[in-house]
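A.B. asks: If you scroll down you'll find the structure; I have some questions about it.
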Amino acid sequence: MTIWIILWGRTERCLKETAEEIKQMGTDCSYFVCDVGNREEVYQQAKAVREKVGDVTILVNNAAVVHGKSLMDSDDDALLKSQHINTLGQFWTTKAFLPRMLELQNGHIVCINSVLALSAIPGAIDYCTSKSSSFAFMESLTLGLLDCPGVNATTVLPYHTNTEMFQGMRVRFPSLFPSLKPETVATKTVEAVQKNKAFLLLPWTMHALVILKSILPQSALEEIHRFSGAYTCMNTFKGRT
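Sequence positions in the sequence shown follow my numbering and run 61 to 301.
Written out as structure tokens, the structure reads:
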């Protein structure tokens, strides 16, 4: 089976560097400059992909931005940007590629989400809101594909991953809540897709979060946030520099 990876992003330099790394591993790779928050640009580049490369059978929605500010400290345009890229971008990319997957009865929609979709923190209101919306989108999409043979969806909800995106964020007990390695998230994502797993929480201990939120009162959850450092973890946030 021939594998061809297609990269989308807003920065051509980063796309080119990543494409070269992938090619050095022996895998074909192409890149297209595209802002997924721009609907018309998504549709235009999707058409270009089909014409130059072929049909896309696995779509991985991984684009996201975070500004790391409270609501009152956030710029209106920055808030809109988060929603356009983190949430609406998935609407446009999925609408662009899903129809052909349904025709071929062969396809997979993958969303790299965040555990913050299930449990928000202060100081990242734009990100948490967009990830919750994204989770609802994927939940609805997954159910809508139940009667579509050969086409599946996977949503990955990882804890903090050690990348530049949340640089500076600090939890109170890092030894108890260590950051995930990007390689771990990638490997587990591939395994989930191979098994047609609808939802994946990383690490597995995050399942406790779902259980606690369903049984504990809000006051208890607030104390857990304070004790774990989640309440203040964004105070030292720097983000990408």
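Cβ coordinates follow ideal geometry from the N, Cα and C atoms, glycine included.
#1: Since C171 and Q150 are thought to touch, with beta carbons under 8 Å apart, how far apart are those beta carbons, to the nearest angstrom?
#2: Going residue by residue through the segment 135-186, where are the continuous beta strand (DSSP E) segments of at least 3 residues, counting only ones entirely within it?
#3: Below 8 Å on the Cβ atoms is my contact criterion, and I expect D115 with L164 to pass it. Report the Cβ-Cβ distance as a whole number of Å.
#4: Grab me the residues of F297's own chain with a C-beta within less than 6 Å of its C-beta, minus the 5 sequence neighbours each way, in chain order.
#5: Tell me where the alpha helix (DSSP H) around V116 begins and ends.
#6: Which residue or residues does DSSP assign as beta-bridge partners of C89?
#7: Ends of the beta strand (DSSP E) at F259?
#8: If we call anything under 8 Å between Cβ atoms a contact, is K257 one with T214?
#9: Rounded to the nearest angstrom, how far is the Cβ of N173 from that of G210, given a contact under 8 Å?
#10: What three-state label does DSSP hand N295 in the structure shown?
#11: Using three-state DSSP, classify A213 as helix, strand or coil.
#12: Given T301, which residues of its chain have a CB within under 6 Å of its CB, disregarding the five upstream and five downstream residues?
#13: Does the structure place the segment 180-197 close enough to the segment 133-143 that three or more beta carbon pairs sit under 8 Å?
#14: Candidates L158, D88, I275 and H168: which alpha carbon is nearest I118's?
#15: If you reduce the DSSP assignment to three classes, tell me which class T301 lands in.
#16: Alpha carbon to alpha carbon, how far is E199 from L261? Give it in angstroms, no decimals.
#17: Just grab the DSSP bridge partners of L240 for me.
#18: Whose C-beta lies closer than 6 Å to the C-beta of T147 among residues of the same chain, with five residues either side of it excluded?
#19: Enumerate in chain order the residues of its own chain whose CB-to-CB distance from D95 is below 6 Å, with the five nearest sequence positions on each side excluded.
#20: Measuring alpha carbon to alpha carbon, tell me which of R160, E243, A180 and F197 ends up nearest C208.
#21: Out of N121, L178 and I145, state which residue places its alpha-carbon closest to the alpha-carbon of I271.
#22: Tell me the DSSP secondary structure of Q105 in three-state form.
#23: Can you look up T71 in the DSSP assignment and give me helix, strand or coil?
#24: If F157 sits next to L217, beta carbons under 8 Å apart, how far is it from one beta carbon to the other, in whole angstroms?
C.D. replies: Let me lay it out:
#1: 6 Å between Cβ atoms; contact.
#2: DSSP runs (the beta strand (DSSP E)) wholly in the segment 135-186: 167-172.
#3: With a Cβ gap of about 7 Å, D115 and L164 count as contacting.
#4: Closer than 6 Å at the Cβ level, and outside the excluded window around F297, lie G128, G228 and M229.
#5: It is not in any alpha helix (DSSP H) - V116 carries neither H nor E in the DSSP assignment.
#6: Under DSSP, C89 takes part in a beta bridge, and its partners are I65.
#7: F259 to L262 is the extent of the beta strand (DSSP E) around F259.
#8: Yes, these two residues count as a Cβ contact at 8 Å.
#9: Not confirmed; about 23 Å, so no contact.
#10: In the structure shown, N295 sits in a helix (DSSP, three-state: H, G or I).
#11: Reduced to three states, the DSSP call for A213 is strand.
#12: The predicted model places T301 with a pLDDT of 45, which falls under 50 and marks its position as unreliable; any figure quoted below should be read in that light. Cβ neighbours of T301 beyond the five flanking positions: none.
#13: Touching, yes.
#14: Closest by alpha carbon: H168.
#15: With a pLDDT of only 45 at T301, under the threshold of 50, the placement of this residue in the model should not be trusted; the figure read from the coordinates follows. When DSSP states are grouped into helix, strand and coil, T301 belongs to the coil group.
#16: Distance between the alpha carbons of L261 and E199: 14 Å.
#17: Partner(s): T221.
#18: Result list for T147: S190, S193 and S194, in chain order.
#19: So the qualifying residues of the chain are R70 and E101.
#20: Selection R160, E243, A180 and F197 evaluated against C208 yields R160 as nearest (Cα-Cα).
#21: Closest option to I271, Cα to Cα, is L178.
#22: In the structure shown, Q105 sits in a helix (DSSP, three-state: H, G or I).
#23: In the three-state reduction of the DSSP assignment, T71 falls in the coil class.
#24: The Cβ separation is near 22 Å, so there is no contact.
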